[in-house]
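Undergrad: Residue 27 in this note's numbering sits at position 21 of the first sequence; the count goes up by one each step and never skips.
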Amino acid sequence: MQLPPVVVALPFPSSLMRVASWNVNSAKARLDHINDWLAADGVDVLLLQEIKSQTENFPRDLFVEQGWYVAVHGQKSYNGVAIISRYPIEDVICGLPGDPYDEQARYIEAMIAGTRVASIYLPNGNPAPGPKFDYKLAWMERLYARSQQLLEDEVPVVLGGDFNVIPQDIDCYDPPGWAGDALTRIESRAAFFKICYGGYMDALRALHPDGAYYTYWDYQAGAWQRDNGVRIDHLLLSPEAGDSLVAVGIDKGPRGLEKPSDHTPIWCELLQRDSHAG
DNA sequence: ATGCCCCCGTCCCGGGGA
């Protein structure tokens, strides 16, 4: 005897919110790629890193004219982060709290459709050991503190960006070759997992616990053609966001274009159980 | 062991990236 299909009625209207992160290695040099990807992907919130432009020079109007909301935290030449959203952006914080003397534009955070999102460009830290590695670890400790603060609000939180951490050897094409690097050192990995064990889910590993998934391929030595990649761009989800995770993936398309960024987007889809989105 | 490649600045090299 055939059983009738099970119908699950959700208590509230629901929709999906698609959040992506992309280190574009210069917003100006990648403007066409960004525009094309926004149009083609159906993304709702795009977290950008390494825009390499001052806040006032970011091509904000180009996106606003197409109906996007934009928040930017930039600086001259280096670093710089931004958020491009289909929904209004509220309550913006520029700069990672915890060090008023830190002038590097590596963090922007905002509320979008009931979800708290952050675009993160974590310091590289090479050469290690050294002052740049110390800066990286101090920055990660501040990020941990901020991540804990954000849990108190009990809202969905997405910490997305270029973390410059290769969490496990499986996330690297050549672990011995990367031994001792600031991206694989035990201190960097410990700081990354401290955030995770503090209550955040690595979205990609939550749904794909095994296998190699890369988000970055060096420009040099044919790394892309040889698939010599590493996984350093991550989406970390608070419990409220993790509970609603339905899909996650890496879009390798943009890395194969002409004049690409050396990173490619990582995205996730969250089920929205309220009326904010969609 | 080093550099390959790419982007920025007021610029034809050097710093930074990872």
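A virtual CB, placed ideally from N, CA and C, is assigned to each residue, including glycine.
These figures come from a predicted structure and were not determined experimentally.
Taking 8 Å as the limit between beta carbons, can you name the residues of its chain near GLU246, skipping five residues before and five after?
TA: Within the same chain, GLU246 has close Cβ partners GLU160, VAL161, PRO162, VAL163.
Undergrad: Return the bridge partner residues of VAL76 from the DSSP annotation.
TA: According to DSSP, VAL76 bridges with ILE90.
Undergrad: CA-CA distance, ALA26 and PRO135?
TA: Answer to the nearest angstrom: the Cα atoms are 32 Å apart.
Undergrad: Taking 8 Å as the cut-off, does the region 176 to 195 touch the region 267 to 281 (at least 3 CB pairs, one atom from each stretch)?
TA: The region 267 to 281 vs the region 176 to 195: no contact.
Undergrad: Just the Cα atoms here: how many angstroms apart are LYS34 and MET23?
TA: Approximately 27 Å between the Cα atoms of the pair.
Undergrad: Just the Cα atoms here: how many angstroms apart are VAL30 and SER267?
TA: So the two alpha carbons sit approximately 5 Å from each other.
Undergrad: Which ranges does the beta strand (DSSP E) cover as unbroken runs of at least 3 residues, wholly within the region 198 to 266, from first to last along the chain?
TA: Counting whole runs of 3 or more residues, the region 198 to 266 contains the beta strand (DSSP E) stretches 239 to 243, 251 to 256.
Undergrad: For SER194, does the three-state DSSP call read helix, strand or coil?
TA: Helix.
Undergrad: Tell me which residue opens and which closes the alpha helix (DSSP H) that ALA119 is part of.
TA: Neither: ALA119 is in no alpha helix (DSSP H) and is coded neither H nor E.
Undergrad: Please go through the same chain and pick out, in chain order, the residues whose beta-carbon is closer than 7 Å to the beta-carbon of ALA111, but skip the five residues on each side of it.
TA: Once the five neighbours on either side are set aside, the close Cβ partners of ALA111 are HIS79, GLY80, GLN81, ASN85, GLY86, VAL87.
Undergrad: With a threshold of 8 Å, are at least 3 pairs of Cβ atoms found where one atom belongs to the region 89 to 96 and the other to the region 208 to 217?
TA: As far as the Cβ criterion goes, the region 89 to 96 does not touch the region 208 to 217, which means the pair count is below three.
Undergrad: Find out if the Cβ-Cβ distance for the pair ASP177, ARG261 is shorter than 9 Å.
TA: No, the pair does not count as a contact, with Cβ atoms beyond the cut-off.
Undergrad: In angstroms, rounded to a whole number, what distance separates the CA positions of ASP187 and PRO133?
TA: Whole-angstrom Cα-Cα distance: 7 Å.
Undergrad: Which ranges would you report for the beta strand (DSSP E) in the region 102 to 181 if only whole runs of at least 3 residues count?
TA: Listed in chain order, they are 113 to 118, 121 to 127, 163 to 168.
Undergrad: DSSP three-state label for GLY284, please.
TA: Model confidence at GLY284 stands at a pLDDT of 43, short of 50, so the residue's coordinates are unreliable and nothing is read from them.
Undergrad: Which same chain residues, not among the five before or five after GLN154, have their C-beta less than 7 Å away from its C-beta?
TA: Closer than 7 Å at the Cβ level, and outside the excluded window around GLN154, lie GLY204.
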